[in-house]
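> Here you go, one structure.
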Amino acid sequence: MNWIEALVLGVVQGLTEFLPVSSSGHLAILGTLFGLSGEENLAFAVVVHAATVLSTVCVLWHEVVKLLKGLFAFKWNMETQMVCKIGLSMIPVGIVGVFLKKYVEALFGSGLLLIGVMLFLTAVLLAFSYYFRPRQKEEISFKDACLIGLAQACAVLPGLSRSGSTIATGLLLGNNKESVARFSFLMVIIPVLGEAVLDLTKGYFSMEIVGISPWVLLCGFIAAFISGMLACRWMIRLVKNSKLIYFAYYCIAIGLFTVIVSFLK
């Protein structure tokens, strides 16, 4: 991987992490077209995911601080309840990370066909969330948080959008669009940062193992961070004011392209 490829992949990651179109799927598609190995793709994906999580913290900084202040007031207030809900939502993906990580990593080298199929599934979820309109709730419940967390755990599959799965699940449960979008972005902070720190401490991203220069990784990280900050702000407004059905159309188109390429390669 050279710095130009890292720059392109970083920008794509930053933009697609917050849009319901699967950032991991796009990275895998471009990685295949660039001729990158599965290990390179996986290592780079974890680094740029950490970058976009940091961009989430920057964009939602005031909300993060508000939640922490409420938590350390040591009262059962709205902020403490929200932190508990976010913690509950992280349990399913934590279980997947501990017990199924090797199987998930193997899927990132399994080819484009799986990614194409998962993009179709993302389109189906987004379409259901648009056409099925349950009665609106006042706030995200603990049960909703658990179900949204299960959706996030399923979205470790390459091509199945994490933000698309979690936001669509929240909408299908009758939650407010903006609340679901913010919850979706907040709930991923600790799992992704935790995974990045764990892999870095294990030396997973050493040059000898994955064949990527640290400077190339840094280039991708910065590109993902900057584009992620822009996309996060945009996506919150987009979910609140527009129709996710258009992203379903996009997922169908890119999924069809991916399936065709998988048979041609």
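Start counting the sequence shown at 1106; every next residue gets the next number (the numbering used here). Here a beta-carbon is modelled for each residue, glycine too, at the ideal position from N, C-alpha and C. All values derive from a computational prediction rather than experimental measurement.
According to DSSP, is Glu-1243 part of a helix, a strand, or is it coil?
In the structure shown, Glu-1243 sits in coil (DSSP, three-state: anything other than H, G, I, E or B).
> Are the beta-carbon atoms of Gly-1055 and Ser-1367 separated by less than 8 Å?
Absent from the structure is residue 1055, since the part of the chain shown begins at 1106 and ends at 1370.
> Could you tell me if Pro-1296 is buried or exposed, where buried requires 16 or more neighbouring beta carbons within 10 angstroms of its beta carbon?
Buried, by the Cβ-count rule.
> Could you pull out every residue in the same chain whose Cβ sits closer than 7 Å to the Cβ of Met-1195, ignoring the five residues on either side in sequence?
Once the five neighbours on either side are set aside, the close Cβ partners of Met-1195 are Gly-1254, Met-1292, Ile-1295, Pro-1296.
> Asn-1280: buried (16+ other C-beta within 10 angstroms of its C-beta) or exposed?
By the 10 Å Cβ count, Asn-1280 comes out buried.
> Ala-1273 and Leu-1205: beta carbons closer than 8 Å?
Against a cut-off of 8 Å, the Cβ pair of Leu-1205 and Ala-1273 comes out as no contact.
> Return the Cβ separation of Ala-1336 and Glu-1122 in integer angstroms, given the expectation that the two are a contact with Cβ distance under 8 Å.
Confirmed, Cβ separation roughly 7 Å.
> Along the alpha helix (DSSP H) that carries Met-1106, what are the first and last residues, could you check?
It is not in any alpha helix (DSSP H) - Met-1106 carries neither H nor E in the DSSP assignment.
> CA-CA distance, Tyr-1208 and Pro-1263?
Going from the Cα of Tyr-1208 to the Cα of Pro-1263 covers about 12 Å.
> Closer than 8 Å by C-beta to Ile-1200: which residues in its own chain qualify, once you throw out the five before and the five after it? Chain order, please.
These residues qualify, in order along the chain: Ala-1258.
> Which one of Leu-1159, Gln-1118, Lys-1348, Gly-1115 has the shortest CA to CA distance from Gly-1299?
The shortest Cα separation from Gly-1299 among Leu-1159, Gln-1118, Lys-1348, Gly-1115 belongs to Leu-1159.
> Quick one: residues in its chain with C-beta nearer than 6 Å to the C-beta of Gly-1175, no 5 flanking neighbours on either side, listed in chain order?
Excluding residues within five positions, the ones whose Cβ falls inside 6 Å are Asn-1182, Glu-1184, Thr-1185.
> If you count every other CB in all the chains shown that lies within 10 Å of the CB of Val-1203, and 16 or more means buried, which is it?
Under this definition Val-1203 is an exposed residue.
> Among the residues of its own chain, which have a CB less than 6 Å from the CB of Ala-1328, if the five just before and after it don't count?
Same-chain partners within the cutoff: Leu-1112, Gly-1115, Val-1116.
> Can you give the Cα-Cα distance for Ile-1314 and Ile-1134, rounded to whole angstroms?
Low local confidence applies: a pLDDT of 46 at Ile-1314 is under 50, so the model's placement there is unreliable, with the coordinate-based value given in what follows. Ile-1314 and Ile-1134: Cα-Cα distance of roughly 22 Å.
> Helix, strand or coil: which one does DSSP assign to Phe-1179?
Coil at Phe-1179, not helix or strand.
> Residues in its own chain within less than 7 Å of Tyr-1355 by CB, not counting five upstream and five downstream?
So the list reads Val-1126, once near-sequence residues are dropped.
> Just the C-alpha distance for Gly-1360 and Met-1223, rounded to the nearest angstrom, thanks.
When rounded, the distance between both Cα atoms is 8 Å.
> Given a threshold of 16 other Cβ atoms within 10 Å of its Cβ, counted over all protein chains shown, does Val-1170 qualify as buried or as exposed?
Counting Cβ neighbours within 10 Å, Val-1170 comes out exposed, since fewer than 16 surround it.
> Using the beta-carbon count (16 or more within 10 Å), is Ile-1191 buried or exposed?
That one is buried.
> Going by beta carbon distance, what residues of the same chain come within less than 7 Å of Val-1164, once the five residues before and after it are set aside?
Same-chain partners within the cutoff: Met-1334, Cys-1337, Arg-1338.
> Please state whether DSSP places Gly-1333 in a helix, a strand or coil.
Helix, per DSSP.
> Should Ser-1289 be labelled buried (16 or more other beta-carbon atoms within 10 Å of its own) or exposed?
Classification of Ser-1289: buried, given that the 10 Å Cβ count is 16 or more.
> In this structure, how does DSSP classify Gly-1216 when only helix, strand and coil are distinguished?
Of the three classes helix, strand and coil, the one that applies to Gly-1216 here is coil, per DSSP.
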